[in-house]
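Novice:
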Amino acid sequence: MNNDRPAAGDPRPATTAITAGRSANGMSLAPPLWASSTWVSHGLADARKRATGRRSSEFYSRYSNPTVRAFEEAIAALEGAEDAIAYASGMGALTTTILALCGSGSHIVAQRQLYAGTLAFLQGPCRRFGIDVTYVDGCQPGAFAAAVQPGRTMMILAETPSNPLLELIDLDELGAIRGPFKVVDSTFATPLGQQPLQHGIDIVMHSATKGIDGHNDATLGVIAGERDLLDEIWGYGVLHGATASPADALNALRGIRTLAVRTAHQSASALRIARELASSAHVAAVHYPGLPTHPQYALAQRQMRQPGTVLAFEVTGGQPHATSLLDRLQLARVATSLGGPETLVCHPATTTHASLTADEHAGAGIVGGLLRVSVGLEDPEDLIADLTRALEPQ
Ligand SMILES: *Cc1c(COP(=O)(O)O)cnc(C)c1O
């Protein structure tokens, strides 16, 4: 895998995960929780300075908050970005970014393989606001560039690896496109798995609810990129109000400290489970970028440090087989979300992608026998035993 050897003297990502985001700590080793919604000023001149400053900390928490700021600094360091902004959720990060940069008459090029909430936002509110979207197959070389309308396309929106089939976007190819802002949802990779900004992407976005927090106890989103661009989005975000909670930022900052060991363990387990499933007579297909059979295996090796903690597979017996498997699991839990310590299995066709039409399901490859697995921190042998037992046809 690509180890992105940093320049001499620069720390490696696992070290940055420990050292970053400590500027609000004082002498405390753990970050303090700044629960305050507001701060006291020293008179009018000071109050004016705080109210009109960019990203002013210690004014009012919708503008900025020291605990949230510490989390943002940690993400910026991990992504190799000038700055980062946290939001109330991944959707808060995404919708604020889109609405800050696009308006009526704007054009967005989006890949078809997107998180269902993102797709619903593009198809519903964006259409209502007069933001026009062209969908492309992001896996096809040249597809994004071909759909760009010079002077009109404001944004290209991509997600890699994609949900739920773990398809990849070529970040170098996307980063080379000139004109529109290039935004990449990197949630499935986490900042330890890949660094889209190093490939020419303008904004990397995460649902920090997932692997970054890593403990299923925060709902949080974040974007990272150049400071000027982020300041622009911040200005709109203060009005939009999808403000990150300092308690969630605290939990996610705690999560970042163990991100490197968690993702390394989960990724190694995911590869073992993917191999095991691929050899089962009851499995029709396994989707995992770490398997040489993945159509974009070479791309994964090139742009990812580790193939990730999520895999998907298709059982041979369609939806009835998938249903019986879910009913018979004893260790893995049936739940949506990903990136936490517990292994979660979900059935995309009836849950995360339930809002899609039959045509959209077919287009996205979301068949009745498809299951998505977020591999947790259990011993992989126990997970393999659980899945193998549950896979046996009834
Ligand atoms: C979960 C998720 C989101 C949305 O994040 P929330 O924190 O649930 O708002 C967006 N993109 C991807 C890839 C996700 O997995």
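In this text, residue positions in the sequence shown follow the UniProt record's numbering: the first is 1, and each later residue adds one.
Where a beta carbon is used, it is the ideal one built from N, C-alpha and C, also for glycine.
Are residue 104 and residue 130 touching if we call contact CB-CB under 7 Å?
Specialist: Residue 104 places its beta carbon less than 7 Å from that of residue 130.
Novice: Using 8 Å for Cβ pairs, my map puts residue 310 next to residue 220. What's the rounded Cβ distance?
Specialist: So it is not a contact: roughly 18 Å between Cβ atoms.
Novice: For residue 49, list the residues DSSP reports as bridge partners.
Specialist: Answer is none; residue 49 lacks a bridge partner.
Novice: Closer than 6 Å to a non-hydrogen atom of ligand 1 - does that hold for the CB of residue 251?
Specialist: No, ligand 1 has no heavy atom inside 6 Å of this Cβ.
Novice: Can you give the Cα-Cα distance for residue 313 and residue 287, rounded to whole angstroms?
Specialist: Rounded to whole angstroms, residue 313 and residue 287 show a C-alpha spacing of 6 Å.
Novice: Any idea if residue 208 is buried or exposed, counting beta-carbon neighbours within 10 angstroms, 16 or more meaning buried?
Specialist: Residue burial is scored here from C-beta neighbours: residue 208 has at least 16 other C-beta atoms within 10 angstroms and is therefore classed as buried.
Novice: Could you check whether the region 363-382 touches the region 334-353, counting it as contact only if at least three pairs of C-beta atoms, one from each stretch, sit closer than 8 Å?
Specialist: Yes: at least three Cβ pairs fall under 8 Å.
Novice: Do you know how far the Cα of residue 191 is from the Cα of residue 78?
Specialist: Distance between the alpha carbons of residue 78 and residue 191: 6 Å.
Novice: Apart from the five residues on each side of it in sequence, which residues of its chain come closer than 6 Å, Cβ to Cβ, to residue 117?
Specialist: 91
Novice: Taking residue 161 as the reference, give the member of 148, 256, 188 with the closest Cα.
Specialist: 188
Novice: How is the alpha helix (DSSP H) around residue 217 delimited, first residue to last?
Specialist: No alpha helix (DSSP H) contains residue 217, which DSSP labels as neither H nor E.
Novice: Applying the 10 Å Cβ sphere with the 16-neighbour rule, what's the burial state of residue 95?
Specialist: buried
Novice: Can you tell me which of the three DSSP states residue 313 falls into?
Specialist: Strand.
Novice: Where do the N-terminal and C-terminal ends of the beta strand (DSSP E) with residue 155 fall, by residue?
Specialist: Annotation for residue 155: the continuous beta strand (DSSP E) segment containing it runs 153-159.
Novice: Tell me whether residue 185 counts as near ligand 1, meaning its Cβ is closer than 6 Å to at least one heavy atom of that ligand.
Specialist: Remark: the C-beta of residue 185 is in contact range of ligand 1, defined as less than 6 Å to any heavy atom.
Novice: If we define contact as Cβ-Cβ less than 7 Å, is residue 114 a contact residue for chain D?
Specialist: In summary, chain D is missing from the structure at hand, where a single protein chain is found.
Novice: Using 6 Å as the cut-off, classify the Cβ of residue 351 as near or not near the heavy atoms of ligand 1, replying yes or no.
Specialist: Remark: the shortest separation between the CB of residue 351 and any heavy atom of ligand 1 does not fall under 6 Å.
Novice: Nearest by alpha-carbon distance to residue 55: which of 289, 179, 388, 72 is it?
Specialist: 72
Novice: Where do the N-terminal and C-terminal ends of the alpha helix (DSSP H) with residue 233 fall, by residue?
Specialist: 227-240
Novice: Tell me where the alpha helix (DSSP H) around residue 64 begins and ends.
Specialist: Run containing residue 64: none; DSSP gives neither H nor E here.
Novice: Kindly indicate the opening and closing residues of the beta strand (DSSP E) around residue 135.
Specialist: 132-136
Novice: Starting from residue 247 and walking both ways along the alpha helix (DSSP H), at which residues does that stretch end?
Specialist: 246-257
Novice: Assign residue 315 to buried or exposed, taking buried as 16 or more other Cβ atoms, counted over all protein chains shown, within 10 Å of its Cβ.
Specialist: By the 10 Å Cβ count, residue 315 comes out buried.
Novice: Are residue 233 and residue 100 closer than 7 Å when you measure CB to CB?
Specialist: yes
Novice: Please indicate yes or no: does the CB of residue 87 lie closer than 6 Å to some heavy atom of ligand 3?
Specialist: Among the ligands in the structure shown, ligand 3 does not appear; only ligand 1 can be found there.
Novice: Under a three-way DSSP split, which group does residue 375 fall into?
Specialist: coil
Novice: Inspect the CB distances between the region 271-284 and the region 247-256 and report whether three or more fall short of 8 Å.
Specialist: The region 271-284, when compared against the region 247-256, does not touch it at the 8 Å Cβ threshold.
Novice: Given a cut-off of 7 Å on the beta-carbon distance, is the pair residue 300 and residue 289 in contact?
Specialist: Their beta carbons are under 7 Å apart, which means residue 300 touches residue 289 by this criterion.
Novice: Taking Cβ positions, are residue 368 and residue 319 nearer each other than 7 Å?
Specialist: yes
Novice: Once you ignore the five residues that flank residue 389 on each side, which residues in its own chain have a CB closer than 8 Å to its CB?
Specialist: 328, 330
Novice: Tell me the DSSP secondary structure of residue 261 in three-state form.
Specialist: Here residue 261 sits in helix by DSSP.
Novice: Near residue 137, what residues of its chain come up, given a Cβ to Cβ distance below 8 Å and the 5 sequence neighbours on each side ignored?
Specialist: 111, 112, 113, 143
Novice: Residues in the same chain with beta-carbon distance under 7 Å from residue 264, minus the five sequence neighbours each way, listed in chain order, please.
Specialist: 306
Novice: Near residue 324, what residues of its chain come up, given a Cβ to Cβ distance below 7 Å and the 5 sequence neighbours on each side ignored?
Specialist: 394
Novice: Starting from the Cα of residue 351, find the closest Cα among 358, 362, 363, 335 and give me that residue.
Specialist: 335
Novice: What's the gap between the Cα of residue 4 and the Cα of residue 44?
Specialist: Residue confidence is low: residue 4 scores 49 on pLDDT, short of 50, so the model does not pin down where it sits. Its coordinate-derived value is still stated next. The alpha-carbon atoms of residue 4 and residue 44 are separated by roughly 49 Å.
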